[in-house]
Each structure stands twice: as structure tokens, then as C-alpha cells.
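Notes follow once the structure below has been shown.
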Amino acid sequence: MSNNILAITIGAILVNNFVLSKILGICPFLGVSKKLETALGMSGAVIFVMALSSLVMALIDKYVLSQTFVIAGTEIKLRFLEILVFIVVIAALVQLVEIILQKFSQPLYKALGIFLPLITTNCAVLGAAELNVKAGRGVIESTIFGTCSAIGFALALVLFSSLRERLDLAKVPAPFQGTAIALITAGILAMVFMGFSGLV
Amino acid sequence: MTIILTAVLFATLLGALLALVIGVTAKAFEVETDARVETVTGMLPGVNCGGCGYAGCADFAKAIVEGRTIPSQCPVSTAVNITRIAEYLGITAGEKEKTIAVIRCGGSCAVTVRSPYNGVGDCRSAALVAGGAKGCDFGCIGFASCARACPFDAIEMRDGLAVVHPELCTGCGKCVDTCPKNLIILTPAAVDVHVYCSSPEKGAIKLKVCKTACIACRKCVKAADSETQMTVNGFLVTANYSNPPLPDLVEKAKCPTTALRLASQHAAGAYEGVSK
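Top to bottom, those sequences are chains A and B. Quick note on my numbering: the first sequence kicks off at 31 and runs consecutively. Quick note on my numbering: the second sequence kicks off at 25 and runs consecutively.
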């Protein structure tokens, strides 16, 4: 069990990094990586939301989607509604968290507030829930996978934003300026992370 | 058929349930906010420059409504706008003199270059390497650190010299700290005459590296309406901002190096070519 958790942790953070290996969550990766400060705020929000949503999605999967219901004499499994349920519940969950945060923790709300609605329906958040179901993980393992995937996302985002801050001051040839050099940098960063493959 | 009905029913129920939960939570955890804060935020410029000392326009609006500051602390808003905010809240606007930034250097990078510099294109980095590549130790390095910091695009890089456009500058002061040579000062917006040099070295040494240096010939001091309008400090003359000279001084003084300039003409490029 502990061995398995270690494998999930390292696998999610380094080997199968969400951004650089699975190519999930690219829009915040490119969108909020211009400054390290906003990247850190976004990272915090992503870790928070993905840990929470992985836990709740695993519970819903276990107690609702995997159950067989007998309606009007026919046995029905609600598995086919998986994506719909996940999206709607994650969106509502983030909304709830935002309302509660605003009431109880103003500093946390100020730090994460603007980023929470941005990642509500992000593919990385949905992807973590979907991958958990596909891999047949339990509730605890799912939560760990979700959290570690988010930490991997945060790692990639912080690295990338630090690089982009430096790139701003570098002499970049005119055709490569702006997003072009950012995408090339992202590609090279992804190749660097390929070095971890085979670790788990 | 049963499956379709189940799916529709389940999705409807789920949606209704979540809507109910969010609705109840929003009501239960409602945070009371002062409606005036949003109105005042709407009346502010919304550029979030931080010139007022707060984290942005919304934060500043909150501080005004709570009485922690006065509307005129906003350097960007026009006087009319500030009065409007004060009237809306029923408070006094207060007085704050409008300021603009002046970059006290008139010599472009082309003047004399000690050595090539190929490092990071940022003034603070360049200043670490023996004070930058420029011949004058007290001149603009020309890597636009101040121009990047300006939220209003009021600083233009002209041939390696940062030039402030007075009509765009709001006096927020964001550029002041970015200059490693401490060239930027905030001056009263009403004053147009400035000495575009900040080197305290002797005139002959300055002239070797720059054609627009102030050589302390005191022509401007003598031409001024009163001698206290210009302050002489060693080998550098500056305008006395508490008793400022009139704009016609530039014409009268005939500064031999054109270090004495009008900010408006300097920005308009009237001295282009002179400094080379």
C-alpha cells in the first residue's frame, strides 16, 4: 500500500506530469505564466481545487456511479453520465468553496479568489477525476493522485513562469517574440521532464 | 426509453440539488460589503498603478470609504473626478499637488561608450557591471527599466535615452525606484524648466563624455528673474522647485550645452541631434 502511494506520488508529480507529459491544463499554463507571482497564486488554487475535487469525485464514483439502480423493473448503471456529473459537480463545488472562503478566510480568498473561477472547468481538474476512475483507484489513492498531479502542475507552472520572466529581458529574434518563444520553451521543458520516464 | 428518461431525470435532479445547495450557502454565508466601495471603484481610473500606496484601485476605494485616506491621494484621477468622488461620499477631497517624473539626463547612449555590454537587457543588471557601458557614470543607461515599469507608457526610449512625456505622465512614481542611477525625480507638474544632467563631476570631465552636461557656467542663474530660482550645488545647477523659474528662462539663458530644457520640448524631440 505505502509502496503504491509512493509510486502514485512520484508518477503524478514528475513522470506523468499533467502539463508536460499529458498536455492537460495548457491554457492556465500559458495564460498565467507571465509573472511568478500570479503563477504561485494559480498553483495554490489548482492544488486546492484538484485535491478537493478528486476526493469528492471518488466518493461520487463509489457511492453513485458504480451502484446499480433498479428503475421501473430495469437495472440501470449511471456510469454513462460520468463526464456530465463530474463537470457539473466540480463547477458547483468550486462555487461553494469560493462563497465559504469569502466568509471565513479573507486572506486566502484574496490570494486564490480570482483564480478559483478560472479553473472550475479546467481539463486538468476533470482529467484527474477521469483518470482516477479509469485506473480504478480508491478514495484515498484518488485524493493523493489528484493532489500530486496538482503539485506537478504547480511545479511546471512555477518553473515556466520563472523562465518567462528571464525571457522578457533576453534578446529574442523578432519572429520568435512573445508566445512563439514561450511555446518553444514549453517544448524544451517537456523534453527535460521526459528524462524522468521509466522512473516508476 | 427508460434510460433516456432516467438520464434526463437524474440530470435535472442533480442540477436542482446543486442549485439549492449553492443558493442556501450563498444566503447563509453572505458577506456584507459596502455598496459604496464598488461605486467609488468605478469612478477611479482602474489602472491599478499603485501610485496611491494601496494594492490597486479597489483597495484604494475601500480605504476611502472607510476614511483611511482621501480621494486626492490618487495621482491619476483628474481634479473633476476627485471632486465627484468626494461629493458622492460627502467628504472633502483634500489637496495634492500634481507631479510628473523627470529623468535628469539628456545625453543619449551614442555619446561615449566605455565598453560593449552584452548582458541582460535591464538597467539594474547593467549597473552592476562597473556602472554600465555609458561613458558618463551618472547618465541614463538606456535599457528601459523605467519604461517597462510605467503603467501609462509615458516613458519613451529615444536612441538609448529615456524621455518622459509630460502629458502622459501621471506622477505615480513607479519609475523612480527602478533607476539604478537615481535619475528620476517627481517634480511639480506646473514647472516646465529642468536641468537634464545629474552628474556632480567637474565641467571638463563631464564634457569629455557628454555634450549636453551641465558645466555650471551659471548663465541660467544670472538670467533668472531671481538668483534663488536656480540652485547651484558644486558643479551642478538644478531648478529650485520651491521657487521655480519661468519657462522663458530657457530662451534667455542660452545654455551652451542645452542641458537646461523645457520638459515639453525635450519630449517633443526639439533637442534631437544636439546631444549627439
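Even glycine gets a Cβ: it sits at the ideal position worked out from N, Cα and C.
Three-pair Cβ contact test at 8 Å for the segment 82–95 of chain A versus the segment 152–165 of chain A: yes
Positions along the segment 45–67 of chain B whose CB lies within less than 9 Å of some CB in chain A: VAL45, ILE46, THR49, ALA50, ALA52, PHE53, GLU54 and VAL55
Consult DSSP for ALA125(B) and reduce its assignment to one of helix, strand or coil. strand
Should VAL144(B) be flagged as near chain A, meaning a C-beta pair shorter than 7 Å? yes
Going by DSSP, what residues sit across from GLU370(B) in a beta bridge? In the structure as shown, chain B begins at 25 and stops at 300. Residue 370(B) is therefore absent and cannot be evaluated.
Cβ atoms of LEU199(A) and ASP146(B): under 7 Å apart, would you say? Contact flag set, yes.
I want to see whether chain B comes within less than 7 Å of THR104(A), judged by CB atoms only; does it? yes
If the cut-off is 7 Å on Cβ atoms, which residues from the segment 124–156 of chain A count as contacting chain B, listed in chain order? Within the segment 124–156 of chain A, the residues whose Cβ lies closer than 7 Å to some Cβ of chain B are GLN125, LEU126, ILE129, ILE130, GLN132 and LYS133, listed in chain order.
Along the segment 95–119 of chain A, where does the CB come closer than 9 Å to a CB of chain B? Name the residues. Taking a C-beta cut-off of 9 Å against chain B, the contacting residues of the segment 95–119 of chain A are PHE99, ILE101, ALA102, GLY103, THR104, ILE106, LEU108, PHE110, LEU111, LEU114, VAL115, VAL118 and VAL119, listed in chain order.
Measure how close the beta-carbons of ARG138(B) and CYS221(B) come, nearest whole angstrom, since I'm counting them as under 8 Å. Wrong, their Cβ atoms sit about 18 Å apart, outside the cutoff.
Suppose the cutoff is 8 Å on Cβ atoms and the five residues either side in sequence are ignored; what does the same chain contact list for ASN34(A) look like? GLU171
So the candidates are VAL49(A), ARG194(A), MET72(A) and VAL118(A); which of them puts its Cα closest to the Cα of TYR139(A)? MET72(A)
Length of the line joining the Cα atoms of ASN105(B) and ALA178(B): 21 Å
What does the alpha-carbon distance come out to for the pair GLN97(A) and THR39(A)? Cα to Cα, the separation comes out at about 29 Å.
Going along the chain, which residues of its own chain have a beta-carbon closer than 8 Å to the beta-carbon of ILE109(B), five neighbours each way excluded? VAL64, MET67, LEU68, ILE88, PRO95, SER101 and ALA117
State the Cα-Cα distance for the pair GLN136(A) and TYR78(B), rounded to the nearest angstrom. 17 Å
From the DSSP output, in three-state form, read off LYS300(B) for me. With a pLDDT of only 39 at LYS300(B), under 50, the local geometry of the prediction cannot be trusted, and the value read off the model is given with reservation. Coil, per DSSP.
Does DSSP put GLU233(A) in a helix, in a strand, or in coil? Nothing in the structure corresponds to residue 233(A), since chain A is present only between 31 and 230.
Where does THR255(B) sit, in a helix, a strand or coil, going by DSSP? strand
Pull out every residue of the segment 206–222 of chain A whose Cβ sits closer than 7 Å to any Cβ of chain B, in chain order. Residues: none.
Close-in-space but distant-in-sequence residues of the same chain around GLU105(A) (CB under 7 Å, 5 per side omitted): THR98
Could you check whether the Cβ of LEU199(A) sits closer than 7 Å to any Cβ belonging to chain B? yes
Return helix, strand or coil for MET181(B), following the three-state DSSP convention. strand
With a cut-off of 8 Å on the beta carbons, I'd call ILE124(B) and THR252(B) a contact; round off their distance for me. Not a contact, Cβ separation roughly 23 Å.
PRO224(B) and ALA151(B): beta carbons closer than 7 Å? no
Would you say ALA122(A) lies against chain B (beta-carbon separation less than 7 Å)? yes
Sort ILE208(B), ALA35(B) and PRO271(B) by Cα distance to SER169(B) and report the nearest one. ILE208(B)
Which stretch, first to last residue, makes up the beta strand (DSSP E) that contains ARG167(A)? ARG167(A) -> no beta strand (DSSP E), and no H or E assigned at all.
Report all residues from its chain with a CB closer than 8 Å to the CB of LYS52(A); omit the five preceding and five following residues, and keep chain order. ASN46 and GLY157
Tell me the DSSP secondary structure of LYS205(B) in three-state form. coil
Chain A contact residues for GLY80(B), given Cβ-Cβ distances below 7 Å: Result: empty, since nearest Cβ-Cβ is about 11 Å, beyond 7 Å.
Burial state of MET87(A) (16 or more Cβ within 10 Å): MET87(A) comes out buried.
Can you give me the Cβ contacts of ALA75(A) inside the same chain, cut-off strictly under 7 Å, excluding the 5 residues immediately before and after it? LEU142, PHE145, LEU146 and ILE149
Quick check on THR282(B): does DSSP put it in helix, strand or coil? coil
Could you work out which residue in ILE239(B), SER149(B) and VAL261(B) is closest to ALA248(B) when comparing CA atoms only? From the listed residues ILE239(B), SER149(B) and VAL261(B), the smallest Cα separation to ALA248(B) is found for VAL261(B).
Test: THR30(B) CB closer than 7 Å to a CB of chain A: Output row for THR30(B): interface = yes.
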